[in-house]
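What follows is a set of notes on a single structure, which appears directly below.
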């Protein structure tokens, strides 16, 4: 029963119990293991995708510490599966809450930010001024660069959250009119929904990838 | 749950081994006639037969004796009609979203399914080939290891033989040397003894007088 437009994003499954957060654990049930059971088509999909992503990312890190690309591959898989399962009917989208996205993005950012400023103070201060700025703009550039560095965790979190909420809201808006309209336009609505669903699937994958790639980029700036 | 295993008929067990020991003698013993069946669970290579994508064929066979070909379809339609009319399955916005997602999923599987399956099978073959090459290398390494061990044992035995033979030859040499020494010592003693016995007192006096004369001439010259 839809009490208001945003009731899909409500984590409470019954009065007082917030069991909808269990959808975060669906990741564990949906990734096939492979090595203990034996290779199959399903396990090959996951292992192929993760291998590709890992190979992409390990060149962005130094040779001695490129195992951290495993962390980012796992993060991508986690966010993508949460986004995709949220598209299924009656499944809760955990990444549409700032609680989840911020708790993913903030520790990543604060780790690199704190480490960089404590250990490489001169480097970080020097990089507040991009090379080749005219001397008139220098004070403003420092302010702008520092602000952009400080709002990075919130941009990472809010970007993912806003995309998920916007997509789901559009789908709900388009489909809730099916109860009040006649059956003639039902298939027109289904067609519109089809296009939106295709968009949403693409957005689910792309947003996960964007978050991970930006985190990697921020890590290289230290 | 109603699984296909529960409804599978007994005659599908055509791969099991059945041993029947008939009674050949006139006097029948207690365990003369025994049918022993050794049944090993089989792992299926292909998924079971389904109709409309997800309904097992065994359910249709279950309905066939009583209701014929159209039985299961009528049953399914009536169940759906019951669910919709009693509002157990409410047609709301999530239903329409699920419907459009279902259409998208079926379209993707029909269109891209065979290509993706082909690609994944190729990946599986590559993985199997890679592991097979690894096995071959492992066997070669083990064979080489055993060869090295055999070589080491052979060389150790050669050294053992050499030392044993040398021990025996040394013994022979030592005995010969000891014999020669004993003979020489005995000969010297015999010669000296005989010479000493052969010296008469006159010869002794004459030798002493000669020595004194020599000494006198030497002292006169010096």
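Residue numbers (this note's numbering), protein chains in the order written: chain A, 1342 to 1563; chain B, 654 to 875. Just so it is clear, CB atoms sit at the ideal spot from N, CA and C, and this is done for glycine as well. For clarity, every value in this text was computed on a predicted model and none was experimentally measured.
Is the Cβ of residue i closer than 7 Å to any Cβ of chain A?
i, result
"residue 753 of chain B", "yes"
"residue 654 of chain B", "Note that residue 654 of chain B scores a pLDDT of 45, beneath 50, so its modelled location is shaky and nothing firm can be said."
"residue 733 of chain B", "no"
"residue 780 of chain B", "yes"
"residue 776 of chain B", "yes"
Do we get a CB-CB distance below 7 Å when we pair residue i with the residues of chain B?
i, result
"residue 1534 of chain A", "yes"
"residue 1350 of chain A", "no"
"residue 1459 of chain A", "no"
"residue 1519 of chain A", "yes"
"residue 1528 of chain A", "no"
"residue 1389 of chain A", "yes"
"residue 1543 of chain A", "no"
For residue i, return the contacting residues in chain B, with the cut-off set at a CB-CB distance below 8 Å.
i, result
"residue 1430 of chain A", "747, 748, 750, 751, 754"
"residue 1531 of chain A", "749, 752, 753, 756"
"residue 1539 of chain A", "757"
Identify which residue in the options has its Cα closest to the Cα of residue i.
i, options, result
"residue 1362 of chain A", "A:1477, A:1492, A:1441", "A:1441"
"residue 1545 of chain A", "A:1523, A:1508, A:1559", "A:1508"
"residue 1527 of chain A", "B:697, B:857, B:745", "B:745"
"residue 1396 of chain A", "A:1470, A:1384, A:1406, A:1411", "A:1411"
"residue 1557 of chain A", "A:1416, A:1444, A:1541", "A:1416"
"residue 1547 of chain A", "A:1510, A:1403, A:1420", "A:1420"
"residue 1549 of chain A", "A:1447, A:1461, A:1414", "A:1414"
"residue 1542 of chain A", "B:693, B:757, B:702", "B:757"
"residue 1394 of chain A", "A:1427, A:1455, A:1418, A:1439", "A:1418"
From the DSSP output, which residues share a beta bridge with residue i?
i, result
"residue 1358 of chain A", "A:1355"
"residue 703 of chain B", "B:709"
On the DSSP letters alone, give me the boundaries of the alpha helix (DSSP H) that residue i sits inside.
i, result
"residue 798 of chain B", "746-851"
"residue 1506 of chain A", "1493-1517"
"residue 856 of chain B", "854-874"
"residue 1390 of chain A", "1382-1399"
"residue 1471 of chain A", "Note, residue 1471 of chain A: premise wrong, no alpha helix (DSSP H); not H, not E."
"residue 1526 of chain A", "From DSSP, residue 1526 of chain A is part of no alpha helix (DSSP H); its letter is neither H nor E."
Under 7 Å Cβ-Cβ, which residues of chain B neighbour residue i?
i, result
"residue 1516 of chain A", "746, 749, 750"
Any Cβ of chain D within less than 7 Å of the Cβ of residue i?
i, result
"residue 1513 of chain A", "Looking for chain D here will not work: the only protein chains present are A and B."
Residues of chain A with CB under 7 Å from residue i, in chain order?
i, result
"residue 773 of chain B", "1382, 1385, 1386"
"residue 770 of chain B", "1382"
Identify the contact partners of residue i in chain A, using a Cβ-Cβ distance below 9 Å as the criterion.
i, result
"residue 740 of chain B", "The contacting residues do not exist; residue 740 of chain B stays about 11 Å from chain A at best."
"residue 736 of chain B", "Under the 9 Å cutoff, chain A gives no residues; its nearest Cβ is about 15 Å from residue 736 of chain B."
List, in chain order, every chain A residue whose beta-carbon is nearer than 8 Å to that of residue i.
i, result
"residue 785 of chain B", "Simply none; closest approach about 13 Å."
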